[in-house]
Ligand SMILES: *Cc1c(COP(=O)(O)O)cnc(C)c1O
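Residue numbers (our numbering): 27 to 397.
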C-alpha cells in the first residue's frame, strides 16, 4: 500500500456495523479493574488509554517502528535523553538544533554529568565527534536555519562506533522523511507542528525499532507522567488523515514562494531545501519525500523584518510552524538562536499560492518604500 493511502487509513478501528470509522475518544482516569489487574487491558489513565492505542498504531504503521505518544514534543525529546543517557556519557548534538532541546541539555543533562559535543548540522560535522559517544542527536532540516545532514551516512558511522542515533524529525514529519528507514534508532517529533497541522494542540512522539527501547520509553512516560490528553490525541489522529494532502499543498506553495523570494533584491540568506539552488538540496533530495513547509530568509534589519511582517495581510505573525494557515515570525525576538536580527522563519500554509505571493510582494514593496 502506498503512503498516501496508508496515512488516510492508518490506525482505524476494525469495521463494525454501526460503529464510527475512527473510534471515539475515551476519557478515563481509572478503568473498572477487579481482582488481578493483568486481566484488564486498561487499568489506569497514566499507563494507557484506548485513544492513544489507536493513534500510536497509526504512527507505528507510518514510522515502521513502535510509536509512543507524549504530552508535547519536548516530553518526547526528554524521554530519549532520559532513557539513553547517564552521568559520564557523551552526547553529540547539532549546535543549531531546536533551542528547547539545547536548553534541556544545558539545564538538565549537563548538570547530571552528561558531556556534550556540539557542531553545526551542515557538512555532517558530527562525524568527527563520535568516538566514545553514547548518543548522536540529529535534527534535519534544522530549525530554524534549515541546514541538512546525511542521516544514513551519520547513522552508519555512529553504529560502527556503537553510538545510538536519534533524529528530531519535526520539520519534515514522517511522510517527508523516515528516520528509522534511514538507519536511526529513534525518530522523535513535535506533533504540534506539521504532523497535526491545525495549530490547536501540543503533542509529540517517539518511534523505535527495538522493542526493548520501546518498553523503556513507555516506562519513562508512565514514571514521569508525560502523558498526552486523550482529546488531543484523538484530534491528532483525525488530522493525520489529511497529512499528505496538506504537505503536498504546503510544499508546492513553499517552492513557489521561495522561487519568488529568490528574485527579491531585499532578501538575503534564503533557505528552502526544496530549491535546486539551495546548498542543502542535494542531500535533502536523497532522503526527503517532501521538503517541508518552512522557509527562512533575512531582511536588512530588525525594522525591515518587523515592517514586512506587519505589512502582510495573509501571513499571521506567530511562532511555531507547519499549520494550514501561513505564519511567520522574526526569530531573534526570542533570543536563543544565533540568527541575524532581520531573520524570518516563514511557515507556508495551504492558502492559494497566487494570493500568498501577491501579499508577500505588496509587503516587500511597502518595506522598500519605507527604506
Ligand atoms: C517545536 C519543536 C520541538 C518541541 O515541541 P513542543 O511540541 O513545542 O514541545 C522540538 N523540536 C523541534 C524541531 C521543534 O520545532
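All C-beta atoms in this analysis are idealised placements derived from N, C-alpha and C, irrespective of residue type, glycine included.
Just curious, the alpha helix (DSSP H) that residue 329 is in, first and last residue? 328–337
Local Cβ density within 10 Å of residue 299, reported as buried at 16 or more and exposed below that: buried
Does the beta carbon of residue 317 fall short of 7 Å from some heavy atom of ligand 1? no
So residue 402 is in the beta strand (DSSP E); what residue range does that whole segment cover? Limits of the chain in this structure are 27 at one end and 397 at the other, which puts residue 402 out of reach.
By the DSSP assignment, the beta strand (DSSP E) with residue 373 in it spans what residues? 369–373
Please say whether residue 56 and residue 398 have beta carbons closer to each other than 8 Å? Shown here, the chain extends from 27 to 397; a query on residue 398 therefore has no answer.
So, for residue 151: in the same chain, excluding its five sequence neighbours on each side, which residues have a beta-carbon less than 6 Å away from its beta-carbon? 145
Assign residue 20 to one of three DSSP states: helix, strand, or coil. The structure shown does not extend to residue 20, since the chain spans only 27 to 397, so no value can be given for it.
Residue 16, buried or exposed, once every other Cβ within 10 Å from all chains shown has been counted against 16: No information on residue 16 is available, as it lies outside the stretch 27 to 397 that the chain covers here.
Length at least 3, wholly inside the stretch 184–220: the beta strand (DSSP E) runs in chain order: 190–194 and 212–216
Where residue 72 falls: helix, strand or coil (DSSP): coil
Locate the alpha helix (DSSP H) running through residue 428, then write down its first and last residues. Because residue 428 is not part of the residues shown, which for the chain are 27 to 397, the question remains open.
Taking the alpha-carbon positions, what's the residue 355 to residue 60 distance? 53 Å
Residue burial classification, residue 129 (beta-carbon count within 10 angstroms, cutoff 16): exposed
Just checking my contact of residue 293 with residue 325 at CB under 8 Å: how many whole Å lie between their CB atoms? 7 Å
Among 374, 178, 148 and 142, which has the Cα closest to the Cα of residue 287? 374
Helix, strand or coil: how does DSSP classify residue 390 here? helix
Could you please give the first and the last residue of the uninterrupted alpha helix (DSSP H) stretch that includes residue 238? 237–250
In terms of residues, what are the limits of the beta strand (DSSP E) holding residue 141? 141–145
Grab me the residues of residue 163's own chain with a C-beta within less than 6 Å of its C-beta, minus the 5 sequence neighbours each way, in chain order. 119 and 192
Could you pull out every residue in the same chain whose Cβ sits closer than 8 Å to the Cβ of residue 251, ignoring the five residues on either side in sequence? 72
For residue 233, count neighbouring Cβ atoms within 10 angstroms of its own Cβ and tell me buried if that reaches 16, exposed if not. buried
Any chance the CB of residue 132 is under 7 Å from a heavy atom of ligand 1? no
For residue 321, the first and last residue of its enclosing beta strand (DSSP E): 320–324
Sorry if obvious, but does the Cβ on residue 332 come closer than 7 Å to a heavy atom of ligand 1? no
Which residues in the same chain as residue 136 place their Cβ atom closer than 8 Å to its Cβ, once the five residues preceding and following it in sequence are excluded? 142
Considering only the beta carbon of each residue, do residue 281 and residue 202 sit closer than 8 Å? no
Just grab the DSSP bridge partners of residue 360 for me. Its beta-bridge partners do not exist; DSSP assigns none.
Is there at least one non-hydrogen atom of ligand 1 closer than 7 Å to the beta-carbon of residue 100? yes
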